[in-house]
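Quick note, the sequences are listed as chains D and F, same order. Straight run, no breaks: the first sequence in numbering that gives the first Met the number 0 ends on number 583. Straight run, no breaks: the second sequence in numbering that gives the first Met the number 0 ends on number 351. For glycine and all other residues, C-beta sits at the position ideal for the given N, C-alpha and C. Below: one structure, written as structure tokens.
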Amino acid sequence: MKRTVSLSIPMLVLVLVLAACGPGGLPTTAPSPGGGATVPPQPTAAPPPPTQPPKPKAITISRGANDPHSIDPQRAIDARDATLVANLFPSLVVMDAETNAIEPGIAKSWEISEDGLVYTFHLIEKVPWVHYNASTGKVEEVKDSAGQVRYVTAHDFVYGFLRALDPSVGSQAAYILAPYIVGGEAFNAGTGPRENVGVKALDDYTFQITAPEKIGFALGIYSIINAHAVPQWAIEAYGDAWTEPENIQTYGPFTLKEWVHDSSMTFVKNPFWPGSEGIRQAGLDEIKFLFIDEAVALREFEAGNLDSATIPGSEIERVRADPTLGPQLHIIPGMCTQAWSFNTTKPPFDNAHIRRAFNYAVDRESLIRNVLRGGEIPAPFFTPPSVAFAPSASVTDQGIRYDPDKAREELALGLAELGLSSASQLPPITVEFGTAKTLSDVAQALQVMWQQVLGVQVQLQQIDNAVYWSKQEKDAGQIFRAGWCPDYNDANNYLRDVYRSDSTFNYGRWSNARFDELVDKARVETDPAVRLELYTEAERILCVEDAGTMVLYYPVTAELTKPSLKRTYSVNGTEFYWDWDLVQ
Amino acid sequence: MPFPQANGRSLEAPVGRFILRRILWMLLVLLVISLITFVLMHAVPGGPFTLEAKQLPEQTIRQLEAKYHLDAPLYVQYLSFVRDVAVPVITMGDQPAYRDHEFLINISLPGKQQAKLRWMNFGPSYRAVGRTVSDIFRDNLPVSMRLGALAFLVTVGVGFPLGIVSALRRNTWLDYAAMCLAILGVSVPVIVLAPVLQYLFGVRLKVLPVSGWGSPQHLILPAFALGIADAAVVARLTRASLLQVLNQDYIRTARAKGLSERRVILVHALKNSLIPVVTVLGPMLAYLLTGTFVVETIFGIPGMGRFFVTSISGRDYQVIMGTVLLFAVFLVVANTLVDIVYVWIDPRIRHT
Chain D
0 MKRTVSLSIP MLVLVLVLAA CGPGGLPTTA PSPGGGATVP PQPTAAPPPP
50 TQPPKPKAIT ISRGANDPHS IDPQRAIDAR DATLVANLFP SLVVMDAETN
100 AIEPGIAKSW EISEDGLVYT FHLIEKVPWV HYNASTGKVE EVKDSAGQVR
150 YVTAHDFVYG FLRALDPSVG SQAAYILAPY IVGGEAFNAG TGPRENVGVK
200 ALDDYTFQIT APEKIGFALG IYSIINAHAV PQWAIEAYGD AWTEPENIQT
250 YGPFTLKEWV HDSSMTFVKN PFWPGSEGIR QAGLDEIKFL FIDEAVALRE
300 FEAGNLDSAT IPGSEIERVR ADPTLGPQLH IIPGMCTQAW SFNTTKPPFD
350 NAHIRRAFNY AVDRESLIRN VLRGGEIPAP FFTPPSVAFA PSASVTDQGI
400 RYDPDKAREE LALGLAELGL SSASQLPPIT VEFGTAKTLS DVAQALQVMW
450 QQVLGVQVQL QQIDNAVYWS KQEKDAGQIF RAGWCPDYND ANNYLRDVYR
500 SDSTFNYGRW SNARFDELVD KARVETDPAV RLELYTEAER ILCVEDAGTM
550 VLYYPVTAEL TKPSLKRTYS VNGTEFYWDW DLVQ
Chain F
0 MPFPQANGRS LEAPVGRFIL RRILWMLLVL LVISLITFVL MHAVPGGPFT
50 LEAKQLPEQT IRQLEAKYHL DAPLYVQYLS FVRDVAVPVI TMGDQPAYRD
100 HEFLINISLP GKQQAKLRWM NFGPSYRAVG RTVSDIFRDN LPVSMRLGAL
150 AFLVTVGVGF PLGIVSALRR NTWLDYAAMC LAILGVSVPV IVLAPVLQYL
200 FGVRLKVLPV SGWGSPQHLI LPAFALGIAD AAVVARLTRA SLLQVLNQDY
250 IRTARAKGLS ERRVILVHAL KNSLIPVVTV LGPMLAYLLT GTFVVETIFG
300 IPGMGRFFVT SISGRDYQVI MGTVLLFAVF LVVANTLVDI VYVWIDPRIR
350 HT
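Right, here's the structure in full:
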């Protein structure tokens with residue numbers, strides 16, 4: 000009787016770190032990795048240590064309930080896991096949390112061969128593996144059996160990459176990495192040998208990846224959630240328990256001090272991390288993450304016990320109006336898109352006019368203002384603006400928007416084409432969606448909008464989530480809830496991976512030859528300006544002209560932060576905790 | 000009907016046999032429950048790796064299923080589950096630290112080097128990577144039990160006196176006040192009560208922590224929030240039952256014999272009025288000790304309760320089996336205790 004209340008658990012899906020070029024393809028000062036560009040080594044100047052160590056700078060923050068799935072890079076699953084991993088195990092390169100500009104991670108420099116197939120990374124030398132020693136209370140360098148300090152080497156990256164692709168490990172992001180490394184897909188499918196995978200250590204500090212084809216954004220793929228170095232010796236000694244505080248070894252700006260499962264996790268500064276241009280030394284000495292429900296986190300914040308908290312969307316209006324809390328509130332755009340799609344194999348949505356009519360009839364601003372009320376952003380295009388090469392960052396006016404006149408006009412054209420005299424002669428239309436309060440709210444709002452603008456009556460059908468997802472795959476409803484969160488930070492993941500006519504995620508079986516051609520071209524294009532142009536046209540076809548989907552809004556998260564905490568607000572889902580600091 | 004003598008000696012043997020029989024029955028019950036649960040959870044559509052809004056590729060799902068042996072035929076999966084849980088194994092030397100082979104009970108055997116008797120392997124969690132059901136039992140169950148025990152004390156400590164007072168002072172302002180309180184306790188759901196308590200004592204007055212776990216202060220609000228609804232139930236039951244008993248002939252006889260009112264109530268009435276109360280206390284205890292989702296979520300307590308809910312919504316098969324069986328054991332044990340207490344309360348009740 001007491002176990003039946005369901006709380007909304009934020010659905011976080013693989014949000015990964017990087018893409019290859021600057022934000023939205025705008026010209027930036029970021030080094031362009033395309034066309035064999037060489038990035039010069041960046042000297043990393045560590046700030047001189049303060050002479051008088053002040054009291055430890057420790058903060059306590061909350062980022063949602065529930066234990067992280069894993070902090071093992073190759074077994075981590077969602078965006079929060081990815082952030083924890085990124086702070087413990089720096090990737091080769093990293094995209095700036097706020098500008099999306101690409102910067103060195105543990106690789107101080109890299110080269111890409113003329114043909115765009117061979118990537119050579121030069122690692123920072125002598126970065127030690129470290130471990131927090133609970134009995135001394137200090138972070139210590141890890142030593143091997145001979146008493147020598149273990150440094151992070153290219154061999155550790157080779158091991159990490161192979162472990163990411165190893166089918167017996169079961170990395171949930173293996174499918175993202177596999178197609179971009181020679182032999183990766185075969186090894187991951189169990190049909191090719193480990194030795195044929197195109198990763199190797201040229202020497203202790205030179206790591207090389209061979210790609211099967213030239214790709215405009217491969218550098219980002221090589222830094223996704225599972226593409227990190229891991230300590231082979233610790234994994235072999237402790238098995239799955241290697242990520243427990245007593246066993247773990249890391250090398251990033253922070254290391255794990257404590258993990259009370261289902262309750263909290265504590266990171267402590269790793270003084271041995273030298274800092275690189277993209278991943279600097281940590282400003283804070285300690286971060287404690289509390290795994291508590293967002294509504295509880297808000298009360299803890301109000302009680303003064305948290306330095307920063309993610310709060311429920313339903314509380315945004317009250318918090319914003321509060322004189323003390325209001326100024327501490329920050330709305331952070333996410334990387335996901337909420338969309339509802341048409342099944343183009345089912346009448347009447349095999350007709351483009353009918354699809355466009357339904358699409359134009361949705362008032363997204365009103366939906367957000369009156370139904371969602373969580374500060375969401377109306378979506379003109381499928382790719383959200385925080386994703387690299389998203390046209391929605393620059394040319395929103397070309398996207399879909401509410402236009403009742405156009406909607407009625409398209410409906411009339413559609414009916415004429417179908418030989419019908421009125422909307423009531425359309426076949427019965429059912430809208431399918433999973434179980435979530437927001438979804439039924441949105442569905443009811445859509446139902447009213449279509450009734451008012453088009454005079455079309457639709458049926459709503461809410462289906463248990465597990466059933467919904469498997470049904471969607473096999474037999475999506477006429478209109479069904481779709482939406483996407485990124486696997487990696489590039490528009491390719493939104494447009495080509497989802498809506499190319501042969502994509503498995505294209506549940507509505509929408510097919511457009513011109514769209515396919517555009518996204519295929521953009522995939523291998525290395526000129527940022529050309530890529531953005533290609534994606535802009537593709538988005539226009541998908542969201543407006545051929546109405547392959549009906550994008551609604553980009554969800555956001557709301558965070559409260561004490562003024563004493565100086566922090567960054569990440570747009571790409573990965574928090575750079577090393578850049579955070581307390582104002583003394 | 001002759002009344003059997005309720006002296007300790009004559010009860011001992013039947014109770015021992017009774018408990019033994021209960022244990023044997025419990026094993027059968029657990030087997031049946033595990034089979035039903037297994038069938039039901041596999042009959043529900045969706046699996047542990049097909050639930051995210053974002054579908055994993057077919058190949059990745061197959062790899063994950065192979066990793067956890069979910070690709071075997073269902074009867075094989077069930078039989079190996081029963082084997083892993085029921086059959087103790089003896090291992091020699093250092094076990095590889097793979098968490099899938101984590102047993103709940105590990106006893107070092109004397110003599111041979113590093114020989115260990117291992118028993119009850121409930122398998123891994125698919126959602127919390129690298130953790131096993133045994134880990135959850137070891138880490139989270141004690142937390143829930145501590146909180147549940149305290150909540151049970153609140154239930155009994157508040158419920159009983161409230162019920163007794165209102166029965167003895169029937170139809171006075173005291174009775175009305177107590178029953179008003181009880182109705183309030185029953186009807187205000189914990190999901191409302193808990194945040195109010197947090198806001199009042201944690202945010203406004205700042206006398207108790209808002210959420211968290213660790214110090215005794217952390218226990219107070221959740222134990223109160225958890226125990227108070229059940230206390231209201233107990234209070235109402237006690238009152239009704241006591242009133243009924245007080246109207247019986249033997250109470251009148253006791254009073255007529257000139258026994259003090261105190262003795263009449265405490266010795267003759269109260270004990271007999273306990274039966275319906277004790278009946279509900281059994282399942283209550285089982286519920287409280289195994290943790291509750293809402294209270295643990297609201298107070299950020301790392302207990303068992305959440306796993307009853309999240310395991311099902313996440314199709315975390317091994318955790319579902321583990322939690323269901325755990326609750327079954329607690330329930331059977333609690334009811335057995337209740338049955339034993341019955342005999343103490345009312346010697347006419349005999350277990351055969």
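query	result
Taking C-beta pairs closer than 7 Å, name the residues in chain F that residue 589(D) reaches, listed in chain order.	An answer regarding residue 589(D) cannot be provided, because it is not within the stretch 0 to 583 covered by chain D.
Rank 353(D), 459(D), 451(D), 400(D) by C-alpha distance to the C-alpha of residue 551(D) and give the top, closest one.	400(D)
Out of curiosity, what's the CA-to-CA distance linking residue 203(F) and residue 196(F)?	10 Å
Do you know whose CA, among 441(D), 388(D), 562(D), lies nearest residue 215(D)'s CA?	388(D)
Could you check whether the stretch 297 to 314 of chain D touches the stretch 525 to 545 of chain D, counting it as contact only if at least three pairs of C-beta atoms, one from each stretch, sit closer than 8 Å?	no
Candidates 158(D), 258(D), 211(D): which alpha carbon is nearest residue 68(D)'s?	258(D)
Say whether the stretch 565 to 582 of chain D touches the stretch 318 to 327 of chain D, bearing in mind that this needs 3 or more beta-carbon pairs closer than 8 Å, one atom from each stretch.	no
So which residues on chain D does residue 338(F) lean against when the C-beta distance must stay under 8 Å?	Chain D residues near residue 338(F): none, gap ~23 Å exceeds 8 Å.
Just verifying my parser: in three-state terms, what is the DSSP assignment at residue 55(D)?	coil
Pull up the distance between the alpha-carbon of residue 172(F) and that of residue 179(F), whole angstroms please.	10 Å
In the DSSP assignment, find the beta strand (DSSP E) that holds residue 644(D) and state where it starts and stops.	Past the boundaries of the shown model lies residue 644(D); chain D is included only from 0 to 583, so the question cannot be answered.
Of all the alpha helix (DSSP H) runs that stay within the bounds of the stretch 269 to 356 of chain D, which reach a length of 4 or more residues?	293 to 301, 315 to 320
Report yes or no: do the stretch 149 to 163 of chain F and the stretch 89 to 101 of chain D share at least 3 C-beta pairs separated by less than 8 Å?	no
Taking residue 383(D) as the reference, give the member of 65(D), 153(D), 572(D), 158(D) with the closest Cα.	572(D)
Would you grab the beta carbon distance between residue 427(D) and residue 458(D) for me? Rounded to a whole angstrom, and I think it's under 8 Å.	7 Å
Within the same chain, show all residues whose beta-carbon is closer than 6 Å to that of residue 236(F), passing over the 5 residues directly before and after it, in chain order.	275, 276
Using C-beta distances below 7 Å, list every residue in its chain close to residue 554(D), excluding the 5 sequence neighbours before and after it, in chain order.	333, 335, 337, 375
Excluding the 5 residues flanking residue 216(F) on each side, which residues of the same chain have their C-beta closer than 8 Å to its C-beta?	207, 208
Would you say residue 465(D) faces chain C, with C-beta separation under 7 Å as the test?	The question asks about chain C, but that chain is absent: this structure's protein chains are D and F.
Tell me the rounded alpha-carbon separation between residue 102(D) and residue 276(D).	6 Å
Just mark residue 491(D) as buried or exposed, buried being the case when its beta carbon has 16 or more other beta carbons within 10 Å.	buried
If you follow the beta strand (DSSP E) that residue 424(D) is part of, which residue opens it and which one closes it?	First-last for residue 424(D): undefined, no H or E at that position.
Could you give the distance in angstroms between the alpha-carbon of residue 48(F) and the alpha-carbon of residue 498(D)?	23 Å
Pick helix, strand or coil for residue 170(F), following the three-state DSSP scheme.	coil
Identify the continuous alpha helix (DSSP H) that holds residue 585(D) and give its terminal residues.	Residue 585(D) falls outside the range modelled here, since chain D spans only 0 to 583, and no answer is possible.
Quick one: does residue 127(F) have its CB under 7 Å from some CB of chain D?	yes
Suppose contacts are defined by Cβ-Cβ distances below 7 Å. Is residue 448(D) in contact with residue 537(D) by that definition?	no
Since residue 316(D) meets chain F, which of its residues come closer than 8 Å, beta carbon to beta carbon?	Residues of chain F passing the Cβ test: none, with the nearest at roughly 18 Å.
Kindly indicate which three-state DSSP category residue 168(D) falls into: helix, strand or coil?	coil
Taking the alpha carbon of residue 130(F) as the point to measure from, which residue in 143(F), 101(F), 107(F) has its own alpha carbon closest?	101(F)
Does the Cβ-Cβ distance between residue 539(D) and residue 397(D) come in under 7 Å?	yes
For residue 474(D), which residues does DSSP report across the bridge?	BP columns for residue 474(D) are empty, so no partner.
Under 8 Å: do the stretch 464 to 472 of chain D and the stretch 430 to 443 of chain D share three or more Cβ pairs, one atom per stretch?	yes
Which chain D residues sit within Cβ distance under 7 Å of residue 139(F)?	261
On the DSSP letters alone, give me the boundaries of the alpha helix (DSSP H) that residue 68(D) sits inside.	Taken as a continuous stretch (DSSP letters only), residue 68(D) belongs to no alpha helix (DSSP H), as it is neither H nor E.
Cβ closer than 8 Å: which chain F residues qualify as neighbours of residue 68(D)?	126, 127, 128
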